[in-house]
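Engineer: Residue numbers (this note's numbering), protein chains in the order written: chain E, 53 to 409; chain W, 8 to 279; chain R, 18 to 308.
Below you can see the structure in the form of structure tokens.
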């Protein structure tokens with residue numbers, strides 16, 4: 053199998069730099085995700101890797117092979133498409149066999165391989181149907197089967213789940229990752245859905261306006277975003293302005309501009325003396341029970357709004373001039389609006405990011 | 008596109024062939040029309056001028072037919088729109104049983120050879136004495152013009168979001184006011200496309216015009232036919248007439264390029 | 018709500034009335050008269066052309082005369098050839114315009130449509146000028162040795178001139194329809210085929226052609242019919258015999274006042290057009306069903 057490396061890849065469409073000096077390496081058999089809002093250049097990047105779009109600048113390597121001038125049909129890469137892109141005039145069998153026929157496999161080999169892949173994806177029995185006779189989930193599986201059949205070195209996913217309904221989407225996510233891991237193929241996955249990206253990826257890159265803003269494992273990126281953009285994009289967060297005061301062994305001290313409270317923060321992308329924003333994920337805010345001792349990261353406030361969500365309660369807590377969003381387990385304690393509460397913000401889970409420019 | 012099967016040279020040759028094939032007839036007719044003197048053995052005319060156009064105007068072979076052609080075409084556009092709009096509305100908007108039948112029936116006039124209808128109309132109009140006037144000619148032009156108008160309009164009506172009608176009705180608009188204030192502005196592109204095709208059809212229609220128009224109503228195509236239908240074809244004056252008929256063809260082309268979306272283009276070329 | 022349903026149906030009938038009335042009066046009624054006349058009933062001719070009508074005498078005349086049967090056959094095969102040539106060239110042209118970027122493409126993609134609005138009569142005349150001896154095309158082909166001394170390209174027994182002019186007239190429409198349908202092919206299907214290992218030649222063979230050709234053929238039905246039933250091109254570029262049935266009808270009715278035999282031809286011509294329509298849509302639907 054093979055790794056994929058992009059070196060300073062740039063693609064310009066008209067006046068927009070769709071992909072702007074992008075570099076990254078995807079290791080052999082790694083599941084790598086490009087995450088970003090629509091129009092951020094993630095799909096163009098994927099198509100450059102496939103060879104469907106030629107980069108204006110920069111190089112694409114598979115392993116050590118420079119691929120820039122290799123047409124897509126000569127690369128051992130396949131792709132799963134957003135709309136599945138099943139050939140409507142071919143049966144499921146012919147769809148899956150297409151890549152094998154193009155590679156000149158013998159009839160009996162094709163037969164065997166199609167059966168194998170159909171078994172793997174649990175779509176045996178659909179071979180003679182046409183795509184329009186299948187459900188969305190089945191079409192998705194056929195698309196995946198077609199991409200896996202030729203035993204590619206690399207498989208690319210272009211928002212493959214976005215055309216499915218929410219329940220199916222959640223189901224297939226896990227299955228998809230398991231499958232690719234089991235077969236052992238280098239996978240590059242494009243999506244705008246942060247939850248999906250967090251679930252499937254070994255590592256991920258967040259893109260915006262053609263550039264990669266942050267790269268890392270899902271946990272790293274979620275817990276330690278390097279910008280307001282990434283923090284907001286990856287989930288709900290309370291983001292508060294302030295100043296980084298000083299650095300010590302335990303981290304930084306951060307003063308909230310609105311209230312003057314000082315918090316201890318473990319990580320900061322802003323040097324002491326600089327202004328920035330602290331990112332507070334709601335699930336890392338804990339309520340202090342009666343009798344528990346406050347520490348320096350404990351704030352006092354009042355419940356401004358509490359919404360029952362079933363297993364959790366989504367709360368807005370007003371602390372002087374600021375509003376903090378938190379989730380608490382519904383079983384944990386009785387919550388009433390207007391009630392006074394104390395919250396503790398764990399320093400290891402706090403990060404300060406620079407202001408947007 | 009990368010890896011495509013034709014070479015640059017292949018494309019160049021193909022392009023050249025297409026250009027020559029499309030342009031040569033038109034080019035030649037222009038040569039003839041503007042030739043002042045063209046001895047038989049020469050490849051090109053020796054002198055150019057407006058001799059043939061002058062001749063056409065002086066002999067009365069141009070102005071009167073052109074006037075008739077334009078008046079009749081205008082009548083055909085208006086009448087075909089008036090006849091087609093109600094039908095196109097129900098076919099485009101309403102879901103009813105037999106809708107497909109109506110749609111395919113509307114194509115029948117383009118399927119039946121015009122000469123077959125022509126024989127009947129010739130006899131019928133002769134017996135009721137409805138011949139040799141512009142209304143008779145306009146009526147036979149409508150046979151072919153309406154299908155184009157109808158299809159353009161039906162496509163336009165179909166492309167209007169039906170929720171708009173519901174919204175307007177809920178806001179208190181009567182059915183007629185819905186037609187006027189909601190649909191009419193939205194079907195303008197279709198109406199325009201239909202008008203271009205109806206106008207072009209009328210201007211170019213020849214066979215039925217010949218049958219019911221003569222002796223008094225001579226349109227441009229009939230005039231051309233009078234020159235070319237006999238045993239001896241006078242190339243130069245017919246070329247001049249053809250050039251005049253080509254001008255609206257080119258205008259229609261430009262109009263359809265600019266204003267007509269492909270889905271409104273309703274059928275084959277204009278016959279006659 | 019039967020009242021509402023009734024009102025709705027009434028509206029539909031009312032709205033369909035103008036177009037129905039028009040065609041009943043100006044189109045269907047004359048055709049009925051033609052049908053009656055074909056049995057000798059003097060609906061068109063005024064005075065009877067035969068004693069004792071209705072009669073099938075004129076149908077028998079039609080069946081026993083080589084003039085009419087030949088004309089019908091000639092109309093069919095000649096227009097079929099023209100249709101096939103138009104489709105072949107028009108589709109090729111569309112493929113080139115669709116797949117390639119080259120200098121002058123914008124110019125070409127407007128230019129090729131030029132014949133679209135040219136009247137048949139004018140087109141026929143223009144090709145007559147080119148194809149008669151001393152015409153540019155005739156002389157060019159003679160110089161190349163493609164045609165010999167005394168060859169005929171117009172008013173010839175094979176109807177070469179008719180095919181050329183009809184082709185010239187219809188290629189733009191074929192190309193226009195083809196281009197439209199090529200553009201509708203989902204680009205991700207092409208990309209899917211590419212990453213699965215198909216080069217452009219195979220994409221053409223496995224994706225573009227099977228996905229577009231059946232639909233294109235279906236929408237070109239009218240072209241065939243307009244050639245089959247057309248008059249001007251055949252009249253001007255055709256030989257005096259064999260020629261299209263539209264021409265023989267014209268000669269019989271307009272020049273020789275033979276109403277009944279003319280009507281028989283008209284009826285059979287019409288039925289043939291319907292049969293062609295039916296067969297054509299049968300065949301093209303078979304191709305479409307798989308998509």
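Backbone N, C-alpha and C fix where the C-beta goes; we use that ideal spot for every residue, glycine too.
Hey, residue 286 of chain R and residue 300 of chain R: beta-carbon distance below 9 Å or not?
Structural biologist: no
Engineer: Report, in whole angstroms, the separation of the C-beta atoms of residue 197 of chain E and residue 242 of chain E, which I expect to be a contact under 8 Å.
Structural biologist: 20 Å between Cβ atoms; not a contact.
Engineer: Let me check one thing: in DSSP terms, what residues is residue 206 of chain W bridge-paired to?
Structural biologist: Per DSSP, residue 206 of chain W has no beta bridge partner at all.
Engineer: When the distance is taken between beta carbons, is residue 113 of chain R closer than 9 Å to residue 18 of chain W?
Structural biologist: Their beta carbons are under 9 Å apart, which means residue 18 of chain W touches residue 113 of chain R by this criterion.
Engineer: Taking Cβ-Cβ distances below 8 Å as the criterion, which residues of the segment 217-236 of chain R are in contact with chain E?
Structural biologist: Answer in chain order: 219, 223, 224, 227 and 228.
Engineer: For the beta strand (DSSP E) containing residue 422 of chain E, name the first residue and the last one.
Structural biologist: Here chain E comprises residues numbered 53 to 409, so residue 422 of chain E is not present and cannot be evaluated.
Engineer: Applying the 10 Å Cβ sphere with the 16-neighbour rule, what's the burial state of residue 247 of chain E?
Structural biologist: Taking every protein chain shown into account, the CB of residue 247 of chain E has fewer than 16 other CB atoms within 10 angstroms, so this residue is exposed.
Engineer: Roughly how many angstroms separate the alpha carbons of residue 68 of chain W and residue 74 of chain W, rounded to a whole number?
Structural biologist: 11 Å
Engineer: Does any C-beta atom of chain R lie closer than 9 Å to the C-beta of residue 96 of chain W?
Structural biologist: yes
Engineer: Look at the alpha carbon of residue 410 of chain E and the alpha carbon of residue 257 of chain E, and state the distance between them as a whole number of angstroms.
Structural biologist: Residue 410 of chain E lies beyond the residue range present for chain E, which begins at 53 and ends at 409; the question has no answer from this structure.
Engineer: Could you work out which residues of chain E lie near residue 173 of chain R, taking near to mean beta carbons separated by less than 7 Å?
Structural biologist: Chain E residues near residue 173 of chain R: none, gap ~42 Å exceeds 7 Å.
Engineer: Under 9 Å, CB to CB, which of the residues in the segment 60-73 of chain R have a partner in chain W?
Structural biologist: 60, 61, 62 and 63
Engineer: Can you give the Cα-Cα distance for residue 53 of chain R and residue 60 of chain W, rounded to whole angstroms?
Structural biologist: 47 Å
Engineer: With distance defined between alpha-carbon atoms, name the residue in W/64, W/58, W/246 and W/102 nearest to residue 169 of chain W.
Structural biologist: W/102
Engineer: Can you name, in chain order, every residue of its own chain whose Cβ lies under 6 Å from the Cβ of residue 204 of chain R, other than the five neighbours on each side?
Structural biologist: none
Engineer: Among residues of its own chain, excluding the 5 on either side of residue 149 of chain R, which ones have a beta-carbon nearer than 8 Å to its beta-carbon?
Structural biologist: 155, 170 and 171
Engineer: Check the C-beta distance from residue 290 of chain E over to residue 332 of chain E and give it rounded, since I have them as a contact under 8 Å.
Structural biologist: Indeed they touch by this definition, with Cβ atoms about 4 Å apart.
Engineer: Give the residues of chain W in contact with residue 110 of chain R, contact being defined as C-beta atoms less than 9 Å apart.
Structural biologist: Within 9 Å of the CB of residue 110 of chain R, the CB atoms of chain W belong to 21 and 25, in sequence order along the chain.
Engineer: With residue 156 of chain W as the anchor, note down where its alpha helix (DSSP H) starts and where it stops.
Structural biologist: Boundaries of the alpha helix (DSSP H) harbouring residue 156 of chain W: 141-165, taken from the DSSP string.
Engineer: Indicate whether at least one CB of chain R lies closer than 9 Å to the CB of residue 125 of chain E.
Structural biologist: yes
Engineer: Should residue 71 of chain R go down as buried or exposed, given a rule of 16 or more other Cβ atoms within 10 Å for buried?
Structural biologist: Around the beta carbon of residue 71 of chain R, fewer than 16 other beta carbons sit within 10 angstroms, so the residue counts as exposed.
Engineer: Cβ atoms of residue 196 of chain W and residue 152 of chain W: under 9 Å apart, would you say?
Structural biologist: no
Engineer: Since residue 241 of chain E sits in a beta bridge, which residues does DSSP pair it with?
Structural biologist: Bridge partners of residue 241 of chain E: E/85 and E/209.
Engineer: Three or more C-beta pairs under 8 Å: does that hold for the segment 194-214 of chain R against the segment 170-186 of chain R?
Structural biologist: no
Engineer: Would you say residue 91 of chain W faces chain R, with C-beta separation under 9 Å as the test?
Structural biologist: yes
Engineer: Quick one: list the residues of chain W neighbouring residue 85 of chain R, beta-carbon separation under 9 Å, in chain order.
Structural biologist: Going along chain W, no residue has its Cβ under 9 Å from residue 85 of chain R, so there is no contact; the nearest lies around 14 Å.
Engineer: So is residue 385 of chain E buried or exposed if we call it buried at 16+ other beta carbons inside 10 Å?
Structural biologist: exposed
Engineer: Could you run through the segment 122-139 of chain W and flag, in chain order, every residue whose CB is less than 9 Å away from some CB of chain R?
Structural biologist: 122, 123, 124, 125, 126, 127, 128, 129, 130, 131, 132, 133 and 134
Engineer: Could you tell me whether the Cβ atoms of residue 265 of chain E and residue 281 of chain E are closer together than 9 Å?
Structural biologist: yes
Engineer: Where do the ends of the beta strand (DSSP E) carrying residue 59 of chain E lie?
Structural biologist: 56-65
Engineer: Could you say which of E/368, E/244, E/157 and E/202 lies nearest to residue 354 of chain E if we only look at CA atoms?
Structural biologist: E/368
Engineer: Can you tell me whether residue 89 of chain E is buried or exposed, with buried defined as 16 or more other CB within 10 angstroms of its CB?
Structural biologist: In this structure residue 89 of chain E is exposed. Its beta-carbon is surrounded by fewer than 16 other beta-carbon atoms within 10 angstroms.
Engineer: Specify, as a first and last residue, the run of the beta strand (DSSP E) that residue 304 of chain E falls within.
Structural biologist: 303-308
Engineer: Does any residue of chain C bring its CB to less than 9 Å from the CB of residue 250 of chain R?
Structural biologist: Absent here is chain C; the protein component of the structure consists of chains E, W and R.
Engineer: In whole angstroms, give me the CA-to-CA distance for residue 273 of chain W and residue 202 of chain R.
Structural biologist: Only weak support exists for where residue 273 of chain W lies, its pLDDT of 43 falling under 50; the value from the coordinates is given anyway. Looking at the two C-alpha atoms, the distance is approximately 21 Å.
Engineer: Exposed or buried, what is residue 272 of chain R when buried is set at 16 or more other beta-carbons lying within 10 Å of its beta-carbon?
Structural biologist: exposed
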